[in-house]
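In the working numbering, the protein residues as written are 443 to 730.
Glycine included, every Cβ here is placed at the ideal spot set by N, Cα and C.
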DNA sequence: CGGACAACCTGGCGGC
DNA sequence: TGCCGCCAGGTTGTCC
């Protein structure tokens, strides 16, 4: 599931090969369906001849600034973005949805088995992007700013972390990882947190995401780097896992079997020992 | 604001 | 072996 670390890895992996190139043509092998925000033929006509000025990331969106427009790509579940030579095939080509011809002879391809991904072209990206919270790894995201955003919130932490309008880029994997690192139960509510817990959560979010980037993303199932290889983060996950592939997953801190539950319609993984629903009165007293 | 739920999709898995 | 049915998940939209 491409989240901030996975999308960041894709952006970094494509930047050198893409920035400065000019898009000569766009081809849609199959009907675009809901994938694009405008008619596919119109999109193809508009990108033609535009140079890629920069490649960046906002939340889970890949942002390609072109001469006159901005190309926004969201991988959602199974989207993949990669550059190949025209005759060079890739397993992901089975689900190819867009092919951009570049002026250096290469192709930028977008494939997507589940068809949830989005390819958007606009001259006003702010007007079509949804409300997005702060970037957790930017310097503006301070502990004070995070605490201020939490103030007044009452929802459960797991759902809040997944809310892109609250904080950008966190998805199901890294929400569970961050909550385990912070030793907070997924069902704890925002208004129940002490200052110390807010601080733990703040650092845990950043640490979980930074580790994910260092490991170049988690290839639990569909995610691959632009070169087609897997990331490494799936080998370092603390609680998140696929129970069918990984039975007997245990907490790295205490060895307790990881528990799973559903929170806000999302599979949720946590350590029942490290992540209590609430501190017990005895423990709270003992800790002062 | 927040929770619940449906919808979008389809590969891959469990179950039989 | 083969077929059926369900689940996964990011996001949006609806409803209360």
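Among 679, 651, 539, which one has its Cα closest to the Cα of residue 448? 651
Residue 588, DSSP secondary structure in three states: helix
Hey, out of 654, 602, 684, 644, whose CA is closest to residue 662's CA? 684
Can you tell me whether residue 456 is buried or exposed, with buried defined as 16 or more other CB within 10 angstroms of its CB? buried
Out of curiosity, what's the CA-to-CA distance linking residue 682 and residue 492? 41 Å
Can you give the Cα-Cα distance for residue 708 and residue 445, rounded to whole angstroms? 15 Å
May I have the straight-line CA-CA distance separating residue 563 from residue 479, to the nearest angstrom? 7 Å
Can you check whether the CB of residue 505 is closer than 8 Å to the CB of residue 463? no
Closest residue to residue 510 among 610, 675, 490 (Cα-Cα distance): 490
Would you say residue 602 and residue 638 are within 8 Å of each other, going by their C-beta atoms? no
Does the beta-carbon distance from residue 512 to residue 664 come in below 8 Å? no
Could I get the ranges of all uninterrupted alpha helix (DSSP H) runs contained in the segment 479-545, with 4 residues as the minimum, in chain order? 482-489
In chain order, each beta strand (DSSP E) run of at least 3 residues that lies wholly inside the segment 446-473: 465-469
Best match in 471, 720, 610, 630 for proximity to residue 398 [C-alpha to C-alpha]: Nothing can be reported for residue 398: it is not among the residues displayed for the chain, which extend from 443 to 730.
Three or more beta-carbon pairs under 8 Å between the segment 644-658 and the segment 614-626, yes or no? yes
Would you report the Cα separation of residue 558 and residue 551, rounded to the nearest angstrom? 16 Å
C-alpha distance - residue 671 paired with residue 660, whole-angstrom precision: 11 Å
Measure the alpha-carbon distance for residue 688 versus residue 654 and round it to whole angstroms. 19 Å
If you draw a straight line from the alpha carbon of residue 483 to that of residue 526, how long is it in whole angstroms? 23 Å
Check whether the Cβ atoms of residue 600 and residue 673 sit closer than 8 Å, and answer yes or no. no
Using three-state DSSP, classify residue 443 as helix, strand or coil. coil
Thinking residue 477 and residue 561 are a contact (beta carbons under 8 Å), I'd like their distance in whole angstroms, please. 5 Å
Among 553, 710, 605, 461, the one whose alpha carbon lies nearest that of residue 575: 605
Does the distance from the C-beta atom of residue 453 to that of residue 497 stay below 8 Å? yes
Buried or exposed (CB count within 10 angstroms, at least 16 for buried), residue 628: buried
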